[in-house]
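Colleague: Numbers 591 to 1185, taken from the numbering used here, label the letters of the sequence shown in order. Don't be surprised by glycine CBs; every beta carbon is placed ideally from N, CA and C. Quantities reported herein were computed from a predicted structural model and do not represent experimental measurements.
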Amino acid sequence: MKKIYIIIFTVSLLFTFSGCDEEFLEKLPKDQLTEATTFTSNSNFETYAWGFYNTLPGYWDHATIWRERGSDLMVNNSGTQGDGLLWQLKTVPSSSNIWTNAYANIKRVNLMLDNIDNSELTDEQKDHWRAVGYFFRAYEYVELIASYGAVPWVDRVLTEVDEDVLYGPRTSRDEVAQNVLNDLLWAESNIDPNGNGPNTVNTDVVRALISRFGLYEGTWRKYHGLGGEQQYLQASVDAGAKLIADHPNLHSSYDEVFNSESLSGVSGILLYKAYEFGILNGRFSHWNRSSIGHEDLTKKAVDQYLCVDGQTIHTSPLFDGDQDAYDEFRNRDHRLYFNTPPPFRVDTGGKNQLTWEFDADPKHREYIDLMATLSDDEHKTLPTMNWRGLIVRTSPHFRKFNEGHGFNVTYTGYAFYKFSNKISRLQNRDSHDAPIFRMGEVFLNYAEATFELGQFTQEVADQTINKLRARGSVAPLDIANIIADPTRDSDVDPVLWEIRRERGIEFLAEGLGRVFDIKRWKKLVEYGGQEKLGRWVKNADYGDKLPIQNGQAEGYISPWGPPPGVPEYYYLEPIPSDQIVLNPQLEQNPGWISQ
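Quick look at the structure:
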């Protein structure tokens, strides 16, 4: 099934890059593809709609990970100064792919929607393809709203007579958000429950997007004082409850969710992008296992992971301290071991080698032995290796002290390798599937939305948070007996703090990730001003080459020191200047006008 899906998917790229443009269609010779011949039968609509799937994220474009460098949990490890978001380096761009690609995709969807009524489809088929179109259009608007707030609402293919839209002001956030929610709710009720085949948009996938959007819009409205959050949060809860009833279980391996050759039939996977070696390739694993993978976790991210007894590192008797790397990782949530390599050291004979032996000190094999029980040789057994299979001799393996080989390096000491596997050991030839919508996210959305509505109970915790914890071998959350976390924000309820902790752990570097979370919680200014730290080290052990906080001889790595802080207006992105030139009525977001 995967191979068939990929072949259809690859053929459909014709429609994505050229065939979906109305002007292109009308310029073709009369005996070839035209708008009138494209939108006729059900199979025509199916072929055209395959092109929409190419717009969904996968394991090629790194933009989703790169923007996480601006969060409190990840950092750029290339040696350049921190992310522009945190260092007040952002300016109004001349253009933006976020804007232009979204509206290009919306136009393609609208072209299909405009031709449904005059087609040969049955009423049932018309409802299905209209629902598919509403889903993909909503998908684009979810990111547009998250990035810019108010944006032009376009629900048809525009012509020269539509000057009120082409050259009009932005549609209010209230109206755009309401339109998105209305379209998704209509799609939920009218789409074919089975989609148009395996791994296509169906009722479950529509509900997953409602779950995501309802939580995002509802919490943004609540914490930014816009009001009207109730209906969005309730929509998220309703969609989540239906999905959890139908898909109560998760796949047993957290790592395999992101690093499997096939996600077909895997528990908790609602929609995925299928990759096939030599036909459609990814590159995330290659990047995670090479010198160009420029992401690290921060110490704050690592500190979020609980000990297996369900307590924090600040309260658990199982935590042995962080001044020794082996102590720091012991008895921790197993998801930590799948997001950043545990410590190890092996002997490769002093050269770059494909083979290795245990180091003479038995201490250095503790996590090699542990990972052999948690993973396998196609996934994340230790030692780690680069994309060619060359062995990394030690972890942490610092960029500024790389022990003779410059691959798989880190700045903070916590290299990011969530998407790393050893399935394909060729450059840019990854073949593992990428989850797009999964129940792990739905669990997180449902838990948070129910809390915001005052509906979170121990039963909800057991349905959601505790299933995620169980996959990491962590004791369950007992909401009646939460041991205080001394690092908790004083204005965040202890239960909500634990829900947000799970989101930071489970959802690290995925989709609408941490940057969007701290924006909707209105925590960007607060968290953005925090110094990003790395591992505790004795600098003499690394040739005194590592940047230590406050210039000390030993302590936490601090790549750039405290950032200057984040301006309030950074919550929304600036409208690209080329769009304002085209339409002066598109007023710039506040704060960016003088930039």
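The beta strand (DSSP E) that contains residue 861, what's its start and end?
Modeller: Taken as a continuous stretch (DSSP letters only), the beta strand (DSSP E) holding residue 861 covers 859-863.
Colleague: Would you please state the rounded distance, in angstroms, between the beta carbons of residue 1030 and residue 840? I believe it to be under 8 angstroms.
Modeller: Yes, they are in contact, since the Cβ atoms of residue 1030 and residue 840 sit about 6 angstroms apart, within 8 angstroms.
Colleague: Roughly how many angstroms lie between the CA atoms of residue 895 and residue 633, to the nearest whole one?
Modeller: Distance between the alpha carbons of residue 895 and residue 633 is about 48 angstroms.
Colleague: Can we say the segment 725-733 touches the segment 761-778, given the rule of at least three CB pairs closer than 8 angstroms?
Modeller: In short, these stretches touch, since the Cβ pair count reaches three.
Colleague: Let's see if you can read the secondary structure: which residues bound the beta strand (DSSP E) around residue 1144?
Modeller: Residues 1144-1146.
Colleague: Determine the burial state of residue 1020: buried for a count of at least 16 other Cβ atoms within 10 Å of its Cβ, exposed for fewer.
Modeller: Its Cβ being crowded by 16 or more others within 10 Å, residue 1020 is buried.
Colleague: Confirm, please, whether the CB-CB distance from residue 1008 to residue 929 is below 8 angstroms.
Modeller: Taking 8 angstroms as the Cβ cut-off, residue 929 and residue 1008 qualify as a contacting pair.
Colleague: Could you tell me the distance, in whole angstroms, from the CA atom of residue 881 to the CA atom of residue 988?
Modeller: Approximately 11 angstroms, taken between the alpha carbons.
Colleague: Give me the DSSP bridge partner(s) of residue 1025.
Modeller: 862, per the DSSP bridge assignment.
Colleague: To test your reading of the DSSP string, which unbroken alpha helix (DSSP H) runs of 4 or more residues are found completely within the segment 724-778?
Modeller: As far as the segment 724-778 is concerned, its whole alpha helix (DSSP H) runs of at least 4 residues are 753-756.
Colleague: Assuming residue 977 contacts residue 879 (C-beta within less than 8 angstroms), just tell me the rounded distance between them.
Modeller: So it is a contact: roughly 5 angstroms between Cβ atoms.
Colleague: Report the partner residues of residue 885 according to the DSSP bridge assignment.
Modeller: Answer is 666, bridged to residue 885.
Colleague: Once you ignore the five residues that flank residue 675 on each side, which residues in its own chain have a CB closer than 6 angstroms to its CB?
Modeller: 660.
Colleague: Starting from residue 1110, trace the beta strand (DSSP E) in both directions and tell me its first and last residue.
Modeller: Note, residue 1110: premise wrong, no beta strand (DSSP E); alpha helix (DSSP H) at 1104-1110.
Colleague: When you compare the CB positions of residue 1011 and residue 789, do they come within less than 8 angstroms of one another, or not?
Modeller: No.
Colleague: So, at 8 angstroms on beta carbons, what are the nonlocal neighbours of residue 1063 in its own chain, with the 5 sequence-adjacent residues on each side left out?
Modeller: Around residue 1063: 898, 923 and 924.
Colleague: How about residue 700 and residue 744: do their beta carbons lie closer than 8 angstroms?
Modeller: It is a contact, given that the beta carbons lie within the stated cut-off.
Colleague: Leaving out five residues before and five after residue 1073 in sequence, what residues of the same chain have Cβ atoms less than 7 angstroms from its Cβ?
Modeller: Cβ within range, chain order: 901 and 905.
Colleague: For residue 801, which of helix, strand or coil comes out of DSSP?
Modeller: Helix, per DSSP.
Colleague: Quick one: what's got a C-beta closer than 8 angstroms to residue 758's C-beta in the same chain, skipping five residues either side?
Modeller: Result list for residue 758: 742, 1173 and 1175, in chain order.
Colleague: Could you check whether residue 806 and residue 1125 sit closer than 8 angstroms to each other, using their CB atoms as the reference points?
Modeller: Going by C-beta atoms, residue 1125 is not nearer than 8 angstroms to residue 806.
Colleague: Does the segment 850-867 come close enough to the segment 637-651 to have 3 or more Cβ pairs within less than 8 angstroms?
Modeller: Because the criterion of three Cβ pairs below 8 angstroms is met, the segment 850-867 and the segment 637-651 touch.
Colleague: On the DSSP bridge assignment, give the partners of residue 981 in chain order.
Modeller: DSSP lists 975 as partners of residue 981.
Colleague: Please determine, among 1119, 1160 and 1104, the residue with the shortest C-alpha to C-alpha distance to residue 664.
Modeller: Closest by alpha carbon: 1104.
Colleague: Residue 1126 lies in the beta strand (DSSP E); which residues open and close that run?
Modeller: Unbroken beta strand (DSSP E) run through residue 1126: 1126-1128.
Colleague: What's the call for residue 811, buried or exposed, on a 16-neighbour Cβ count within 10 Å?
Modeller: With 16 or more other Cβ atoms within 10 Å, it is buried.
Colleague: Could you tell me the distance, in whole angstroms, from the CA atom of residue 628 to the CA atom of residue 833?
Modeller: Spanning the two alpha carbons is a distance of roughly 34 angstroms.
Colleague: Can you look up residue 936 in the DSSP assignment and give me helix, strand or coil?
Modeller: Strand, per DSSP.
Colleague: Looking only at its own chain, which residues have a Cβ that is under 7 angstroms from the Cβ of residue 1170, when we skip the five neighbours before and after it?
Modeller: If we look at residue 1170 and ignore the five residues flanking it on each side, its Cβ neighbours are 1176 and 1178.
Colleague: Please list, in chain order, all residues of the same chain as residue 1123 whose beta carbon is under 6 angstroms from its beta carbon, the five residues on each side excluded.
Modeller: Excluding sequence neighbours, residue 1123 sits near 889, 1146 and 1148.
Colleague: Quick one, are the C-beta atoms of residue 804 and residue 829 less than 8 angstroms apart?
Modeller: Result yes, Cβ atoms of residue 804 and residue 829 sit closer than 8 angstroms.
Colleague: So which of 732, 1115, 933 and 801 has the shortest CA-CA distance to residue 766?
Modeller: The candidate whose alpha carbon is nearest that of residue 766 is 732.
Colleague: For the alpha helix (DSSP H) containing residue 1175, list its first residue and its last residue.
Modeller: Looking at the DSSP string, residue 1175 is not in any alpha helix (DSSP H), and its letter there is neither H nor E.
Colleague: On the premise that residue 801 lies in contact with residue 1035, defined as a C-beta separation below 8 angstroms, what is that separation, rounded to the nearest angstrom?
Modeller: Indeed they touch by this definition, with Cβ atoms about 4 angstroms apart.
Colleague: Where does the unbroken alpha helix (DSSP H) through residue 628 begin, and where does it stop?
Modeller: Here the alpha helix (DSSP H) through residue 628 covers 625-628.
Colleague: Residues bridged to residue 947 by DSSP?
Modeller: In DSSP, residue 947 forms a bridge with 937.
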